[in-house]
DNA sequence: TTGATTTATACTCATTACGAGCATATTATT
DNA sequence: AATAATATGCTCGTAATGAGTATAAATCAA
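Protein chains in written order, with my numbering: chain S, 1 to 343; chain Y, 1001 to 1343.
Here's what the structure looks like:
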């Protein structure tokens, strides 16, 4: 690209600030977790000295091009620096740069571009111990706290009928023209599985965007400085556009699960098939058919049994222990875990 | 993110320049095309006044945060400005920022971060006419000119056995340890389908990266300033890391084809099923089974027949004309085109 | 005009993948 | 010894997939 210092290319980009945000995910005892930072702590991590907002945020930091050869290595470096975690799997998600999505942004002329990353990790006991020291300024939160409508493990969440459907109905009715109304209805139906199509667990971002646009989330009210008289959709909000980045991560991970062996990045070295299943269910957000899950995983060559060892953690018959066969990656186009729903 | 003008976050990022690169794809009479700019023309488009390299490049330009609310709108704006094209479908690919990958980069302290986009378009006659005016400084190139090993439509490309296998063999032999050698061999086998697994048409980027690392491409020799005595893998090279970006785009598009109705973005309003099939084959890089392709497309509800019209363009029996049913997007989780290989 | 050639379209068949459920095994608990 | 809980093995119907055969409708060469 060879821009000289004087070229308009670099001039027009001088106002851009590049940051990195990380969605660090792990599954703990069947609950999906995101690593969250709050208030003073997150400001420190990002070296921000100006007044800051209070609330939940993803860990984020600057990208220093002098120090790091690739964006990913920059990300890994500050994750290692700012958290006690060592994620194995790291994947770039998306580069976010929408104006007006940053409530905390003072200088309107300056634009924050943030590159979002998804990182997967398994919490070993050591990490868990160190975690407690950082106390409540940085912690693991259940990701369904931010997206209660995405958790179908106990069946269809009640708040869909009780709050979301009504809210979307209002939004549909507000459409200017007949066409616009029909279009909004179709979009709402498709996103939330209100038509025959059913629920698509991968559409996390689409649903978030829809709720945002329908002004049903705290973030929409905040960014557009609205006063509203209707009830918002329950769920914790986040600073800046971090809930949107989290939605992107969830959708991506749910998709990836099906065609790449990424679950194992969140598993201990040895595990039972039920443990694996619960982990997949935590991410996918719905229950799976146990026997078929077993058939699939065993048949895929992704795991091998640890001979002679049994787990008797649960109540009933002891389960065989398995470990991930890292070789699959070298043998075949490494498959994922199909998501046959439970009956 | 709320950085103040004085925060270290913005200081450490001051050296970053953000650019946009576009992989603009269309399929013309069964041949997959990328939009390419060359030499003086591309320097002009990017407003670069410093001395520049000569060679093929993707169209790219600056991102002006003042003028555009989103990165995507910035991209659309300069594509409209610099080319006669109006892509309908635009998708963010990846954000590239590797040091040392930019041979044209003079100022080592300044880092170019480029956000790659994939754009799909259909060449109508008007565009085709306007295209001719821009002459040879900007043109449509067959994307297999850059990736001859990716075109399996006429069977396995000969250069795989004649050049690539030998080259990779040398690279494997150069491995330091026994383990390293085994690892390299496994990776080469998997990438190029030399084991039972077979060829995975989506691994375009993996294959490019492997060849780059094995110093079998012009780009590796260029970036590392090597002198080599073995024969490089044939195929046109590109400036900077543009061939890598193109590889990313090809892999992504080949994947997307299977689960989203993106082919239609490259089709005229009305088309025959064979035309559609040839377009899919052009992108996927291998032939498809005609009868099954037909069954699948007709059964998916993605197309509707244009009653009363037939195409007699080809030699034999006239074919029915179809058009894309845009409604599928609103009806169901819009499907793609499965890639049942031909016998 | 006829027969060869080319392309389009309809239909069949075997195999596999998938969703659902039943049955049995092995442990702890009461 | 009965009961509850979990693990594991197996069957079955349906749908999707890969491959091939058969027929229809046009052009072209003689």
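Just so you know, even glycine gets a beta-carbon here, dropped at the ideal spot from N, CA and C. Since the structure is predicted, the reported quantities are computational estimates derived from the model, not experimental observations.
Is it the case that the Cβ atoms of residue 1256/Y and residue 1277/Y are separated by a distance below 9 Å?
no
Pull up the distance between the alpha-carbon of residue 230/S and that of residue 1148/Y, whole angstroms please.
59 Å
Residue 1111/Y versus chain S: which residues are under 7 Å apart at the beta carbon?
Under the 7 Å cutoff, chain S gives 65.
Please check if any C-beta of chain S sits within less than 9 Å of the C-beta of residue 1144/Y.
no
Less than 6 Å between C-beta atoms, sequence neighbours within five positions excluded: which residues of the same chain meet that for residue 1320/Y?
1305
Starting from residue 1031/Y, follow the beta strand (DSSP E) in both directions and report where the run begins and ends.
1031 to 1038
Distance, residue 1168/Y Cα to residue 1062/Y Cα
38 Å
How long is the line joining the alpha carbons of residue 1021/Y and residue 1252/Y, rounded to whole angstroms?
15 Å
Contact check, residue 1023/Y vs residue 1118/Y, beta carbons under 9 Å
yes
Is the shortest distance between the beta-carbon of residue 115/S and the beta-carbons of chain Y less than 9 Å?
By this cut-off, residue 115/S is an interface position.
Which residues of chain Y have a Cβ atom closer than 8 Å to the Cβ of residue 94/S, listed in chain order?
1092
Kindly give me the distance between the Cβ atoms of residue 1093/Y and residue 1248/Y, rounded to whole angstroms, as I take these residues to be in contact under 8 Å.
Between residue 1248/Y and residue 1093/Y the Cβ distance is about 5 Å, and since that is below 8 Å, they are a contact.
I want to know whether the region 325 to 332 of chain S touches the region 1190 to 1198 of chain Y - three or more CB-CB distances under 8 Å.
yes
Contacts of residue 1121/Y in chain S (Cβ-Cβ under 8 Å):
Chain S residues near residue 1121/Y: none, gap ~22 Å exceeds 8 Å.
Alpha helix (DSSP H) containing residue 1184/Y: first to last residue?
1178 to 1191
So the candidates are 307/S, 33/S, 237/S; which of them puts its Cα closest to the Cα of residue 54/S?
237/S
At a Cβ threshold of 9 Å, is residue 1243/Y touching chain S?
False, the Cβ-Cβ gap to chain S never drops below 9 Å.
Near-chain Y residues of the region 304 to 326 of chain S - C-beta to any C-beta below 7 Å
none
What does residue 18/S touch in chain Y if you count any residue whose Cβ is under 8 Å from its own?
1013, 1016, 1018, 1113
Under 9 Å between C-beta atoms of residue 1283/Y and residue 1336/Y:
In this structure, residue 1336/Y does not lie closer than 9 Å to residue 1283/Y by Cβ.
Quick one: which unbroken beta strand (DSSP E) runs of 3-plus residues sit fully inside the region 192 to 251 of chain S? Chain order, please.
Within the region 192 to 251 of chain S, no complete beta strand (DSSP E) segment of 3 residues or longer occurs.
Please list the residues of the region 67 to 78 of chain S that have a C-beta atom closer than 7 Å to any C-beta atom in chain Y, keeping them in chain order.
69, 70, 71
Residue 113/S: first and last residue of the uninterrupted alpha helix (DSSP H) it sits in:
Looking at the DSSP string, residue 113/S is not in any alpha helix (DSSP H); the run it does join, the beta strand (DSSP E), is 111 to 120.
Which residues bound the alpha helix (DSSP H) around residue 1291/Y?
Unbroken alpha helix (DSSP H) run through residue 1291/Y: 1290 to 1299.
Quick check on residue 170/S: does DSSP put it in helix, strand or coil?
Residue 170/S: helix per DSSP, three-state reduction.
Would you please verify whether the beta carbon of residue 160/S is less than 9 Å from any beta carbon of chain Y?
no
Please tell me whether residue 1345/Y has its Cβ less than 9 Å away from any Cβ of chain S.
The structure shown does not extend to residue 1345/Y, since chain Y is modelled only from 1001 to 1343, so the question has no answer here.
Residue 1091/Y in three-state terms, based on DSSP
In the structure shown, residue 1091/Y sits in a strand (DSSP, three-state: E or B).
Is there a C-beta anywhere in chain Y that falls below 9 Å from the one on residue 226/S?
no
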